[in-house]
Amino acid sequence: MKQMMCFGTLSCYGESKGLDVTILSGDRDTFQLATDKVTIRIPRTKGGKTETDEYNRQKIIETYSLEPKQLIDVKGLQGDTSDNIPGVPGVGEKTALSLIQKFGSIENLYEMLEKGEADLKGKQKEKIENNKELAFLSKTLGTINLEVPIEDTLENFKVEEWDKQKVLELFEKLRFNRYIERFSLRSGTPNTEAKNEEDLYKIVDKTKEEVIQLIKDQKQMIFCLTTKEDANAEKIIKEKIIGFTVFDEKSNETVYCSIKAEEYLQEWKSVLESQEIKKIGYNLTKTYILLKQVGISLQGMEYDIAIASYILNPSNKLTIENLIEDYLNINVHELIGKEKEMQQMTLFEAQNEQEEKEKYALYSYAIGKIKEITLKQLEEIGAIKLFYEIDMPTVEVLSDMQWNGMYVDEEELKQFGKELTEKLESLTKLIYEIAGEEFNINSTKQLGEILFEKLKLPVKKKTKSGYSTDVDVLERLKKEHPIIQPILDYRQLTKLNSTYIEGLKNYINPKTKRIHSFFHQTITATGRISSTEPNLQNIPTRFELGKRVRKVFKPEAGKVYLDADYSQIELRVLAHISEDEHMIQAFKEGKDIHKQAASKVFKTPIEEVTKEQRSDAKAVNFGIVYGISDFGLGEQLRYF
């Protein structure tokens, strides 16, 4: 919206100077700016190509039978969920257009309604009458401000020539390699991108004995596995190892070793289990599990290029292809001669034999080269100790966590599911009684009609398909009607049953009776560990039934689960970095940091701070740490 305010102001500024103004934008809200001198160019896709349509005042009138500025009134009635403009509930684009074409403006529409001269009937009339404030608010929100203060002359807005050297430095830092080539920023320098494999490395044939001896001599193994799917349900990762590709950085050679049977793998065991031989690879956690499944315990995990890249840039996409393009400026699919780009090619996806050799030869070569590059960059930012002493040892810890899994008491899980089903049936009956009719509680459309049309509850938010009934909306309506709390309880129990009862059942390994979740250290931008298949980190604990789910996870006989956590580690780091004397003092004195913040914000003695005030202060504290927006914080604190 701020950008469009600038568009609006600049378009008026240009028109006042007698210029023909063109606005290139994908947002049709800019149509309200169209005049005889201001043209909007909107891109559209046709036949796979992007073209543009031009809209000036005359084209708007021909298309909508309205003046451009009347489209603001249409927006006021219709609303726009993408811009958080509510509009009038139940009024869509066609209705809004016809109403403004008929009455000219929102002001005229409501004036005619008050006089009884508007030809509106039934639900349509009722919706418009009951939402007058929303209509006028939405019109205000949808109006582009044309008076943004501009002190510069038009000369200051002219596009200037790039400082190519500075752009090159920035693009190199961000590894925008394809754009460096596209804009020829390295003028006068040769294109370093290799045209074929031979420019980079040689693919050679060697016996497994020769390769194993080479690895033992160098005390280093730069490698990746090739696998294919394996339907064995008892496996943790349902894949089968069919080969190794190893890179020799001294000779710049790669060799592919096919695995005909699992027995063949045992010949590699001494190498793979040697702590003295350093393993350098990609996604070593998965490699660890795959080898563990055939009785080999991978040791000497020295360097994972995905972990290194994650430390350097946590927001990077860490697929092997993306790392190769980022660090080596090589397009994998072009290099190995694919005519069609494979959409989801991974390290563990088998193609035909020749393609395999080419693809995994490149992967093993790239692993070695990316290690060199990232190691140097880790040294430059002082992250070597972090990488070798914290992140790499964590790889084995997380791998063992996945391998060991967590035992689940299936009978207790089934019994809990039965209890939830009974509670859901009771809640369903209660909701029907309060509503006065039966309907599909899981249908957003039907629930919206019950709440906002039949029970006349105030509309908080709209979507393209109608009324919003998300959790935030229902929480804000709790005090408005007794039906809301049972609906919230119903949703909570439904999610609990589908995600944590029926959902967990699917992940219990039939052999181990355990759930072997994947634990990732390269997913979150904040550095936290994440869990998938299933996510074991979001099992609810804030209500008693949620805690029951955790009780189905049980330790082995004679053992206990030990739970340990840093005490408010994020805020301690924040106190250290910011040197905030109040925070530092609170930690030194062992005070509750959230209560202390609440005490200062609400000007309340610390011993009188309520649970709700502490909760709000906690949202502020953690929001600051993780860069929450003002709107996001307002939503958390229930101000919107």
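With positions in the sequence shown counted from 1, the corresponding number in our numbering is that position plus 310. For every residue, glycine included, the Cβ atom is placed at its ideal position computed from N, Cα and C. Note that this is a predicted model, so its numbers are computed, not measured.
Boundaries of the beta strand (DSSP E) in which residue i is found, first to last residue
{"i": "L535", "result": "530-539"}
{"i": "G591", "result": "588-591"}
{"i": "D614", "result": "611-614"}
{"i": "D558", "result": "549-558"}
{"i": "F828", "result": "828-830"}
{"i": "I934", "result": "Per DSSP, I934 belongs to no beta strand (DSSP E); it is in the alpha helix (DSSP H), 921-935."}
{"i": "E918", "result": "Careful: E918 lies outside any beta strand (DSSP E) and carries neither H nor E."}
{"i": "K512", "result": "512-514"}
{"i": "T842", "result": "840-842"}
{"i": "Y566", "result": "563-568"}
CB of residue i within 8 Å of CB of residue j, strictly
{"i": "E577", "j": "V514", "result": "no"}
{"i": "M531", "j": "V469", "result": "no"}
{"i": "F551", "j": "L510", "result": "The amino acid at residue 551 is misidentified as Phe; the sequence shows Ile. Cβ distance not < 8 Å, so I551 and L510 don't count as in contact."}
{"i": "A618", "j": "Y592", "result": "no"}
{"i": "L708", "j": "F829", "result": "yes"}
{"i": "E457", "j": "T345", "result": "no"}
{"i": "V401", "j": "L387", "result": "yes"}
{"i": "K579", "j": "G610", "result": "no"}
{"i": "Y620", "j": "I683", "result": "no"}
{"i": "T332", "j": "T360", "result": "no"}
{"i": "I395", "j": "K385", "result": "yes"}
{"i": "L767", "j": "L740", "result": "no"}
{"i": "L685", "j": "L645", "result": "no"}
{"i": "T832", "j": "L608", "result": "no"}
{"i": "E439", "j": "L451", "result": "no"}
{"i": "K772", "j": "T362", "result": "no"}
{"i": "L334", "j": "R351", "result": "yes"}
{"i": "I490", "j": "Y323", "result": "no"}
{"i": "G715", "j": "I797", "result": "no"}
{"i": "Y742", "j": "T836", "result": "no"}
{"i": "L484", "j": "L495", "result": "no"}
{"i": "S674", "j": "C534", "result": "yes"}
{"i": "I887", "j": "N931", "result": "no"}
Residue of the options minimising C-alpha distance to residue i
{"i": "E364", "options": "V935, L381, S375, R338", "result": "R338"}
{"i": "E586", "options": "K526, K379, H892, N542", "result": "K526"}
{"i": "Y717", "options": "R860, Y511, L334", "result": "R860"}
{"i": "K379", "options": "G414, N418, F557", "result": "G414"}
{"i": "K968", "options": "Y817, K770, L320", "result": "What the structure shows of the chain is the stretch from 311 to 950, and residue 968 is not part of that stretch, so it cannot be assessed."}
{"i": "A885", "options": "D875, A907, E482, D701", "result": "A907"}
{"i": "L855", "options": "D902, Q802, Q923, Y871", "result": "Q802"}
{"i": "L407", "options": "M422, E377, G432", "result": "E377"}
{"i": "I416", "options": "K404, I382, T391", "result": "I382"}
{"i": "T809", "options": "Q528, G727, K772", "result": "G727"}
{"i": "A676", "options": "E583, D614, I691", "result": "D614"}
{"i": "Y566", "options": "L608, Y574, Y598, K518", "result": "K518"}
{"i": "E666", "options": "L628, T555, P820", "result": "T555"}
{"i": "K864", "options": "I547, E720, E699, S674", "result": "E720"}
{"i": "L881", "options": "F897, T355, I751, G324", "result": "F897"}
{"i": "E918", "options": "S909, S925, D926", "result": "S909"}
{"i": "Y800", "options": "H826, Y670, T738, C316", "result": "T738"}
{"i": "T595", "options": "S625, Q712, K512, P353", "result": "Q712"}
{"i": "Q847", "options": "L814, I879, T822", "result": "L814"}
{"i": "Q725", "options": "I811, E747, N845", "result": "I811"}
{"i": "N819", "options": "P844, Q878, S840", "result": "P844"}
Closer than 7 Å: residue i CB and nearest the ligand SAM heavy atom
{"i": "H826", "result": "Absence of the ligand SAM from the depicted structure is noted, as is the absence of any ligand whatsoever, leaving it without description."}
Span of the alpha helix (DSSP H) around residue i
{"i": "K476", "result": "474-484"}
{"i": "Y742", "result": "720-745"}
{"i": "V458", "result": "No alpha helix (DSSP H) contains V458, which DSSP labels as neither H nor E."}
{"i": "T595", "result": "594-602"}
{"i": "Y637", "result": "630-638"}
{"i": "S709", "result": "702-714"}
{"i": "G426", "result": "Taken as a continuous stretch (DSSP letters only), G426 belongs to no alpha helix (DSSP H), as it is neither H nor E."}
{"i": "F446", "result": "442-451"}
{"i": "F413", "result": "403-413"}
{"i": "I857", "result": "Looking at the sequence itself, residue 857 is Lys, so the reference to Ile does not match. Here the alpha helix (DSSP H) through K857 covers 854-860."}
Expected contact under 8 Å - CB spacing of residue i and residue j to nearest Å
{"i": "V398", "j": "L430", "result": "In fact, because the Cβ distance is near 12 Å, the residues do not count as touching under 8 Å."}
{"i": "T779", "j": "T754", "result": "5 Å"}
{"i": "L757", "j": "H791", "result": "Actually they do not touch by this definition, with Cβ atoms about 13 Å apart."}
{"i": "K529", "j": "E539", "result": "That pair is no contact at about 34 Å."}
{"i": "I606", "j": "E583", "result": "6 Å"}
{"i": "S326", "j": "G389", "result": "In fact, because the Cβ distance is near 32 Å, the residues do not count as touching under 8 Å."}
{"i": "L784", "j": "I794", "result": "6 Å"}
Q | Continuous beta strand (DSSP E) assignments of at least 3 residues falling wholly in the region 317-385 | A | Segments of the beta strand (DSSP E) lying fully in the region 317-385: 331-334, 348-356, 359-365.
Q: Entirely within the region 768-825 and at least 4 residues each: give me those alpha helix (DSSP H) ranges in chain order.
A: 781-786, 794-807
Q | Whole runs of the alpha helix (DSSP H) within the region 886-915, excluding any shorter than 4 residues | A | 891-898, 903-911
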